[in-house]
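Visitor:
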Amino acid sequence: MIPDVSKALSWLEANPTILNGICRGIERETLRVTPDGHLAKTGHPKSLGASLTHKWITTDFAESLLEFITPVDNNIDRTIGFLKDLHRYTARNLNNEKMWPLSMPCFIDKEENITLAQYGKSNAGRFKTLYRQGLKNRYGALMQTISGVHYNFSLPISFWQARLGVQDAETGKEQISDGYLCLIRNYYRFGWVIPYLFGASPAICSSFLHGRNTTLSFEETEKGTCYLPYATSLRMSDLGYTNKSQGDLNITFNNLQTYVKDLKKAIRKPSADFAAIGIKKDDEYLQLNTNVLQIENELYAPIRPKRVTKEGESPSDALLRGGIEYIEVRSLDINPFSPIGVDETQIRFLDLFLIWCALTDSPEMEKEELDCCRQNWNKVILDGRKPGLHIGIGCGAEQQPLKVVGQELFRDLSRLAEILDACSGTEYQAVCKELVAMFDDPSLTFSARTLGQMKEHGIGGFGLELADKYHQELLGEPYSILNDEKFSAERHASVSRQHSLEQKDDMSFEEYLKLHAGS
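With the numbering used here applied, the sequence shown corresponds to residues 2 to 520, in that order.
Encoded structure:
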């Protein structure tokens with residue numbers, strides 16, 4: 002069953018204040034769609050500023066794929082309020098378009114209708130667009146329109162001081178990094194609980210399957226919705242954000258130096274499949290390079306160790322310089338029951354679960370166990386609500402009922418919730434009571450609730466109804482953190498920052514590529 006964490010919880014009960022100051026940030030992606038639910042073909046609205054340099058509102062893969070970014074904060078209400086203000090402002094500036102409320106894309110009849118995100122004429126901007134061109138040529142543009150929520154989380158230095166005996170973040174960076182790697186390994190072991198509870202992509206539009214090979218036994222409704230009866234998150238499956246060519250990279254999370262070394266090795270590892278695409282055709286670039294990873298961000302993972310980078314610094318070099326600063330949870334589907342794609346219940350659950358992962362014993366994990374963990378995830382992703390589903394805890398271990406393992410996990414989380422609530426109410430305990438019921442009754446999960454609506458109304462009908470509803474809600478609400486003046490100031494500042502980047506370029510794009518992409 003799950004590891005015994007009772008001693009660590011007793012220790013934390015005696016030191017509850019060391020968790021004061023947990024920091025969080027949220028990144029939410031959403032497609033812009035037309036009033037009839039098709040992908041918007043318009044460019045990123047100029048009224049939102051320059052997507053390359055705006056601090057809060059940018060684009061991901063496509064011009065029509067918005068991404069909202071909140072600043073780091075230790076207050077949940079402020080984080081939610083800030084994210085909601087970004088949605089409120091955007092709703093006011095979409096010119097009759099709406100924000101798609103689901104992870105899986107709206108109806109897209111042709112991939113050529115998906116315009117790559119454009120970031121201006123600076124070398125940095127052209128580099129970002131070319132990276133996306135490579136993703137399109139490698140995996141197809143349609144896959145890149147799948148949306149999600151990323152949750153950035155860091156424990157306060159007081160926790161690491163009490164837990165590890167470090168003095169400060171700089172002198173204790175190696176121990177803190179080891180602590181975060183312990184968290185990451187336990188996340189791989191038990192993180193399947195996230196798609197079980199919050200997976201909200203159990204179905205896809207039939208148009209998404211055109212020209213794609215799959216061995217999955219989909220059922221299809223008259224409205225063109227393809228689904229698996231017990232699926233939780235097809236976004237996390239082989240149909241979504243995975244990369245089979247990365248399967249043999251053997252990147253583990255036992256040591257930061259080794260992790261970075263293996264990641265850098267993957268960036269230099271040639272790929273025969275991607276070499277067949279080529280670098281250029283008719284003087285037009287097709288991708289940054291022909292390696293397994295064009296850049297480090299191409300590594301698809303449900304969680305990443307992170308540190309804020311300095312100018313010109315790669316993510317892995319930042320980790321080597323200062324150690325792990327925070328972790329990025331990447332396994333959250335868009336929450337269709339929230340106008341901003343995520344809610345406070347999910348944030349509080351992730352707090353509890355990630356603290357539990359940091360407290361629980363976490364033996365080193367080699368590739369064999371990592372593969373076993375991925376099998377557990379895949380079971381939950383494709384069949385998570387199937388009656389009697391069993392999962393393994395460790396390679397070769399006896400399979401246990403998912404329901405039993407989940408309930409046992411929540412016994413620990415409920416005790417942890419009492420500790421977090423000791424000084425500030427009962428919010429965390431209420432989250433545990435709400436979510437643990439989903440193991441007795443899977444119909445309460447996001448995926449079950451979502452699938453019922455999708456089967457009845459079709460993905461397009463369900464998504465468009467929610468998009469309209471949330472659009473009107475957002476238009477009718479006042480700002481809670483920001484205001485029009487602050488949005489206007491950041492819009493103008495982003496345009497100025499992009500212009501400055503374009504003026505400062507002192508080398509050709511070809512030289513820039515050789516320096517940053519090894520091409």
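Virtual Cβ for every residue (Gly too), placed ideally from N, Cα, C. Source: prediction; values computed, not measured.
Please report the distance separating the alpha-carbon of R386 from that of S104.
Guide: Roughly 19 Å separates the two Cα atoms.
Visitor: For H211, count neighbouring C-beta atoms within 10 Å of its own C-beta (all shown protein chains included) and say buried if the count is 16 or more, exposed if not.
Guide: With fewer than 16 other Cβ atoms within 10 Å, it is exposed.
Visitor: By Cβ distance below 8 Å, which residues in the same chain neighbour L445 in space, the five residues on each side in sequence not counted?
Guide: Hits under 8 Å: A438, M439.
Visitor: Kindly indicate the opening and closing residues of the alpha helix (DSSP H) around R190.
Guide: It spans 174-191 - the alpha helix (DSSP H) in which R190 sits, taken as one unbroken run.
Visitor: Could you compute how far the alpha carbon of R322 sits from the alpha carbon of D413?
Guide: Looking at the two C-alpha atoms, the distance is approximately 35 Å.
Visitor: Whole angstroms is fine: what's the gap from Q539's alpha carbon to G464's?
Guide: Residue 539 is absent from the structure shown; the chain starts at 2 and stops at 520.
Visitor: Under the three-state reduction of DSSP, which class applies to G149: helix, strand or coil?
Guide: Correct three-state label for G149: strand.
Visitor: For M2 and C373, I'd like the C-alpha separation in whole angstroms.
Guide: Computed Cα separation, rounded: 15 Å.
Visitor: Considering Cα atoms alone, identify which of D506, P443, S481 is closest to T233.
Guide: Selected option, being the one with the closest Cα: P443.
Visitor: Secondary structure at D372, three-state DSSP: helix, strand or coil?
Guide: D372: helix per DSSP, three-state reduction.
Visitor: Three-state secondary structure (DSSP) at Q401?
Guide: Reduced to three states, the DSSP call for Q401 is strand.
Visitor: Check each candidate in D78, F69, I325, F83 and name the one with the smallest Cα separation from L182.
Guide: The residue with the shortest Cα to Cα distance from L182 is I325.
Visitor: Taking DSSP as the reference, what is the three-state secondary structure of A346?
Guide: One point to set straight first is that residue 346 is Thr, not Ala, in the sequence displayed. DSSP places T346 in helix when its eight states are reduced to three.
Visitor: Mark C227 as exposed unless 16 or more other C-beta atoms lie within 10 angstroms of its C-beta, in which case mark it buried.
Guide: Buried.
Visitor: Just reading off the beta strand (DSSP E) that T54 is part of, what are its end residues?
Guide: Careful: T54 lies outside any beta strand (DSSP E) and carries neither H nor E.
Visitor: Helix, strand or coil for K224? Go by DSSP, reduced to three states.
Guide: Coil.
Visitor: Using a Cβ-Cβ cutoff of less than 6 Å, which residues in the same chain neighbour M508 once the five nearest sequence positions on both sides are dropped?
Guide: If we look at M508 and ignore the five residues flanking it on each side, it has no Cβ neighbours.
Visitor: Please classify G44: is it buried, with 16 or more other beta-carbons within 10 angstroms of its beta-carbon, or exposed?
Guide: It is exposed - the Cβ of G44 has fewer than 16 other Cβ atoms within 10 Å.
Visitor: Whole angstroms are fine: how far does the CA of K42 sit from the CA of A125?
Guide: So the alpha carbons of these two residues sit roughly 24 Å apart.
Visitor: Should the segment 262-270 be regarded as contacting the segment 106-126, the criterion being three or more beta carbon pairs within less than 8 Å?
Guide: Output reads no: the segment 106-126 does not touch the segment 262-270.
Visitor: Could you please give me the residues that DSSP links to C206 through a beta bridge?
Guide: T226, per the DSSP bridge assignment.
Visitor: Taking only the alpha-carbon atoms, compute the straight-line gap between G313 and F254 and give it to the nearest angstrom.
Guide: Roughly 25 Å between the two C-alpha positions.
Visitor: Just the C-alpha distance for I19 and F338, rounded to the nearest angstrom, thanks.
Guide: So the two alpha carbons sit approximately 33 Å from each other.
Visitor: Over the uninterrupted alpha helix (DSSP H) stretch that includes G26, give me the two end residues.
Guide: Note, G26: premise wrong, no alpha helix (DSSP H); beta strand (DSSP E) at 24-34.
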